[in-house]
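If you're matching positions, the sequence shown starts at 57 in this note's numbering and goes up one per residue.
We put the beta carbon where it would ideally sit given N, CA and C, even for glycine.
On a predicted model such as this, the values are computed, not experimentally measured, just so you know.
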Amino acid sequence: MKRLTKNFVELLATLLVLPAACACWIGVRVAGPDRGFAGWSQLFSLIPGLSGVFLRRAFYRL
57 MKRLTKNFVE
67 LLATLLVLPA
77 ACACWIGVRV
87 AGPDRGFAGW
97 SQLFSLIPGL
107 SGVFLRRAFY
117 RL
């Protein structure tokens, strides 16, 4: 049950960060990898707690 809940939360986090990942992909194409990726990763670093951990993990996996 615990693993099922964790998988569901990871899926939900992935769906939540998908628009940001698409914007990051566009930013990398336009501004270069250093500027495009750094801005989004810094934005996700501001989200505290366990929810921030799940969102950052989902973002970095995409």
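Contact between PHE100 and ARG112 holds: CB atoms are separated by about 5 Å, below the 8 Å threshold. A Cβ-Cβ separation of about 20 Å leaves ALA77 out of contact with LEU106 under the 8 Å criterion.
TRP81 and THR61 have their C-alpha atoms roughly 29 Å apart. In the three-state scheme derived from DSSP, where H, G and I count as helix and E and B as strand, GLY88 is classed as coil.
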